[in-house]
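Residue numbers -26 to -1, 1 to 500, in mature numbering (1 follows the signal peptide of the UniProt record, and there is no 0), belong to the letters of the sequence shown in order.
Don't be surprised by glycine CBs; every beta carbon is placed ideally from N, CA and C.
Note that the structure is predicted; figures quoted are calculated from it, not measured.
Data first, discussion second: the structure below is written as structure tokens.
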Amino acid sequence: MKRITGISLSALLLLSAPLQTLTTEAATSGLNTISNVSQPPIEQPEESESLVPDESNEPSESEMPETSLEEASSQTEEAGTTTNEPETSTEESTNTLGEETSTEATTEDTESSSETEEVISYQIENLAGTYVTILSTKLTIFDDLTQAFANQGGLTTTEYYLQTLRLTQLITNQAGEEVYLIADQNNDTIGYAQAESLTQRGAEGEMLELDKPIYVKVTSKSYPSYKDFAWTKYFEPAQLANKKFEVKEYYNHYNTNIYYALFDGPTFYGYINKNSTTKVAENEKPQGDYIKFGKYVTVSKSGYNTWQNFSWKQKHANSKVANKTYLAKGKYTHANGSTYYSLYDNNGKWLGYINAKGAKVADGKQGTYISDGSYVTISKKNYDIWSNFSWKKKASSNSYLNQMFIAKGRYVHFNGATYYSLYYPNGKWLGYVNSNATSKEVPRAYRTALDKAYEYLDFIPFSKAGLYDQLIYEEYTAAQAQYAVDHVKVNWNDQALMTAWMYLEIFDFSDQELYDQLIYEGFTDK
């Protein structure tokens, strides 16, 4: 850091002391030695710099040219310089010029010359990323360094109490005393303050403690929480929404926002902007406030009962509510981290609270899709077949009586009925039909096709595709043949192995030729 020098202390003393009548020699020497001296304004240099001119640039006493009193007076008038010295008569001036300088005067001149060599110097360090939180109710601000180091003449204010401000410079005098130059949140300079009562911090400022803990709920979805003040994300807003946290500590950030430190017991959930929270009572109910929901849900998982209250008194076992669709009029976000739906059936009867993990939200009253895969036969007349759950009719069960279809999936509707999503054996979709219009009794022709499939397999090995083709060749319908190959209990890998041995007993196949032959027979490469 650069060493810097200041204004000559003797020069300051000469400016502030009453002026005395000068002898010709003193006047001549004074006019050449003492220039117009004033304290330079305080600036904020980019690097450490001197607050006063370098001593090396000042001329020495031996280099100063001799000047007569008349020449000095002339130069002073031309420069427009005035003095505060009292007027002296010509006679007094003449007498003074004719007198010899006394020993006492010479001693004073010697002391003055010695004092002129004393200077005030400072070291200035420009600071970056350095902040302070004002912890005292009163902060004394000084306009200049002389006041600041002397601790005199400052303005004491409570305006900045608990605010985080920016430290822009650290100034140190020859005695090692330190002063900060401080700026506010708009980066406007406030003034100087003594450093001994201030502690450097990051932009978040000092950790501040509340008199007693408060409880808050995260009510905004706009603010995540952060692991630190380098803004490392900790939890997303959705993960914190409507959860209750304890707050003991906070920060008044330089960006003017307040950040709470969120805790749930001993678990830290990060720092979050105060604006995203709402203060709640300490004894608030753990389930939180009722939240309107109004969506249909299907209880899709086992192991989830419904509860009569949040003291966990059971209302219904899972077996009574499973695989049914209900209206979740509202929900609660519990302090335990789970969401609970308040369920109602189509008659408006309340079924209790259920953990949302045990249910799926549906697109409508039909509920959620449940995979099935069973074969059903349309066995009853006068049932509509629907193209959607807005009840657009597609066909009538009368047209498909005693025909078998694959129910790839089903819906348990809010109205209490189950609807199958029916497909032809070739994969073409038929529509939605009430399960009451169907039966799982297998028609005789389908049973016959299955029996025929077993007969073939007892005689010769087949691939699944080969057996299907054989049944079609025997004039079974596609639906009957498909039913037979889907329900025959056989290991198709064993069928492939037996077919391979059969070929090898007759033909001398290479591995590739045998592979190709099995693929040709309808076996897959699996």
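- The continuous stretches of beta strand (DSSP E) do not include residue 277, and DSSP gives it neither H nor E.
- Counting along the chain, the unbroken beta strand (DSSP E) around residue 238 starts and ends at 232 to 238.
- DSSP places residue 378 in the uninterrupted beta strand (DSSP E) bounded by 378 to 386.
- Between residue 371 and the set 400, 399 and 409, the nearest pair of CA atoms involves 409.
- C-alpha of residue 121 to C-alpha of residue 127: approximately 6 Å in a straight line.
- It is roughly 24 Å from the alpha-carbon of residue 210 to the alpha-carbon of residue 269.
- Between the alpha carbons of residue 430 and residue 469 lies a distance of about 12 Å.
- When DSSP states are grouped into helix, strand and coil, residue 466 belongs to the helix group.
- For the pair residue 115 and residue 131, the CB atoms are nearer than the 9 Å cut-off.
- Of the candidates 400, 233, 350 and 368, the residue whose Cα lies closest to the Cα of residue 384 is 350.
- Going by DSSP, residue 290 is part of the beta strand (DSSP E) stretching over 288 to 290.
- Rounded to whole angstroms, residue 264 and residue 109 show a C-alpha spacing of 41 Å.
- Beyond the five residues adjoining it in sequence on each side, residue 226 comes within less than 7 Å, by CB distance, of 107, 136, 137, 138, 179, 182 and 232 in the same chain, given in chain order.
- Judged by their CB atoms, residue 381 and residue 397 are nearer to each other than the 9 Å cut-off.
- Here DSSP, grouped into helix, strand and coil, assigns residue 442 to helix.
- DSSP places residue 152 within a strand segment (E or B) once states are collapsed to three.
- DSSP, reduced to helix, strand and coil, places residue 489 within a helical segment of the structure shown.
- For the pair residue 377 and residue 368, the Cα-to-Cα distance works out to about 17 Å.
- Assignment of residue 103 by DSSP, reduced to helix, strand and coil, places it in the coil class.
- Between residue 305 and residue 336, the CB-CB gap reaches or exceeds 9 Å.
- Pairwise C-beta distances place the stretch 455 to 464 in contact with the stretch 410 to 429, as three or more of them are shorter than 8 Å.
- Per DSSP, reduced to three states, the secondary structure at residue 402 is coil, with no helix or strand assignment.
- Across the set 153, 215, 234 and 287, the C-alpha of 153 shows the shortest separation from the C-alpha of residue 99.
- In this chain, residue 309 is not harboured by any alpha helix (DSSP H), its DSSP state being neither H nor E.
- Beta-bridge analysis with DSSP links residue 221 to 188 and 236.
- Scanning its chain for C-beta atoms nearer than 7 Å, with the 5 sequence neighbours on each side dropped, one finds around residue 141 the residues 101, 104, 105, 106, 154, 156 and 174, in chain order.
- Shown here for residue 256: same chain residues with a beta carbon closer than 6 Å to its own, the five before and five after excluded, namely 189 in chain order.
- Annotation for residue 474: 488 and 492 place their beta carbon closer than 7 Å to its own, counting only its chain and skipping 5 residues before and after.
- In the DSSP annotation of this structure, the continuous segment of the alpha helix (DSSP H) that includes residue 422 starts and ends at 418 to 433.
- Each residue's CA atom was taken as its position, placing residue 423 and residue 495 some 21 Å apart.
- About 7 Å separates the Cβ atoms of residue 192 and residue 246, confirming a contact at the 8 Å cut-off.
- Residue 123: not part of any beta strand (DSSP E); member of the alpha helix (DSSP H) spanning 119 to 124, first to last residue.
- For residue 314 against residue 328, the beta-carbon gap comes to about 7 Å, under 8 Å, which counts as contact.
- The alpha carbon of residue 292 has as its nearest neighbour, out of 448, 266, 303 and 325, the alpha carbon of 325.
- Residue pairing by DSSP places residue 165 opposite 156 in a beta bridge.
- In the DSSP assignment, residue 143 falls within the beta strand (DSSP E) that extends over 138 to 147.
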